[in-house]
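A.B. asks:
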Amino acid sequence: HTHEAIEAEIINGILYSQPAAHGNYLGRADLLFDKSAKKLIKRDARLIAVDENVEVDSELYEKFGKALADTEKHLNESAGHAKKEINPDPTGSGQSSVQTLIAVAIAEASGADAVIHGTLTRGRIPEGDFYNRHVWGIVPYDNQIGLASLGVIELQEILEENANFINSWRFKGVFGITYTLKKDKAGKWKVSDIKRVDGRKLGPSERIRVAFNSHDLASGGGRFMAIRKACLDQKAKFKLLPTDTRSAVFDYIKKQKSLNGEVSPCATIIHD
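Structure representation (structure tokens):
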């Protein structure tokens, strides 16, 4: 599915409808069936907008009203302070201040040497005081954190696969390492010069602890098979941690007096 609002299309003879995402629409399919002829004679679909014009169901509200009120209270509670806006706008190499915040929090929670992680939404944390709802806005998913011991070859394969998504929001940033990305003569992106952020180059037999979220570990819908392959290898000594990404971010924020909105060092992309 693509999260797009598609009301009704016939694709290869099949009625297809998609009510976007995040509860913005309710999809309804209308099928007219002739019982005598035992035949479907008409089919249609439509999208019903779920907006302020839809009244709250009184029976459901009676059951879940307190939970909704508690949720609203939590979302409006103070979370922290930011010296400047923390946004998902990439610098050109997959890094952004939101990406760095999430990655730093994961590194601290997991003890990882490096983190490969992207932005999850277009949410941002405003300059000044911000609230729990802003944190949920940048980390809306309940992803767990996994840790794997990886070497240069595995990292190259993962980062080269990631390069397929360069210039798109799916292109993942890094934390804890830097690398060079350049196209070869065949036009394929190649990774080289993987280093720790202190400038030390990774040796051919050296392995470091790398953290990912559970969605990417499951290949991210088949897009990041290199991550899955590397972490399934016994040499990776993979561990799925009990910590989830959002809790890691909340815990990190609580330890900081103020967020500075930094963007960590990352890839050097060479365009010939």
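Here the sequence shown stands for residues 24 to 295, numbered as in the numbering used here. By construction, the Cβ of each residue, glycine as well, lies at the ideal position given by its N, Cα and C atoms.
Locate the beta strand (DSSP E) running through E30, then write down its first and last residues.
C.D. replies: A28 to I34 is the span of the beta strand (DSSP E), which, as asked, contains E30.
A.B. asks: What is the DSSP secondary structure of G210, reduced to helix, strand or coil?
C.D. replies: Coil, per DSSP.
A.B. asks: Using 9 Å as the threshold, is the C-beta distance between H104 and I125 below it?
C.D. replies: No.
A.B. asks: Leaving out the 5 sequence neighbours to the left and right, which residues in its chain are closer than 6 Å to Q118 when beta-carbon positions are compared?
C.D. replies: These residues qualify, in order along the chain: G196, V286 and C289.
A.B. asks: Hey, could you find the ends of the alpha helix (DSSP H) V158 is sitting in?
C.D. replies: V158 -> alpha helix (DSSP H) spans N155 to I161.
A.B. asks: So, using beta-carbon positions, are E229 and G174 closer together than 9 Å?
C.D. replies: For E229 and G174, yes; Cβs fall inside 9 Å.
A.B. asks: For G310, which option in K58, L55, V77 and G243 has the closest C-alpha, if you only look at C-alpha atoms?
C.D. replies: Here the chain has residues from 24 to 295 only, and residue 310 is not among them.
A.B. asks: Leaving aside the five residues before and after R156 along the sequence, list all residues of the same chain whose C-beta is less than 8 Å from its C-beta, in chain order.
C.D. replies: Result list for R156: L98 and N99, in chain order.
A.B. asks: Tell me which residues share the same chain as A234 and place their Cβ nearer than 6 Å to its Cβ, disregarding the 5 neighbours each side in the sequence.
C.D. replies: Within the same chain, A234 has close Cβ partners I129, S133, A135, V138, I168 and L170.
A.B. asks: Please report the residue range of the alpha helix (DSSP H) in which N236 lies.
C.D. replies: That residue, N236, is in no alpha helix (DSSP H); its beta strand (DSSP E) goes R230 to N236.
A.B. asks: Does the beta-carbon distance from E108 to R66 come in below 9 Å?
C.D. replies: Contact: no.
A.B. asks: Taking P163 as the reference, which of P42, K106 and R145 has the closest Cα?
C.D. replies: Out of P42, K106 and R145, R145 has the C-alpha closest to the C-alpha of P163.
A.B. asks: Return the residue from the list S81, I231 and N166 that minimises the CA-CA distance to I200.
C.D. replies: Of the candidates S81, I231 and N166, the one whose C-alpha sits nearest the C-alpha of I200 is I231.
A.B. asks: Which class does Y84 belong to by DSSP, given the choice of helix, strand or coil?
C.D. replies: Helix.
A.B. asks: How long is the line joining the alpha carbons of D269 and F194, rounded to whole angstroms?
C.D. replies: A quick correction: the sequence has Arg, not Asp, at residue 269. R269 and F194: Cα-Cα distance of roughly 20 Å.
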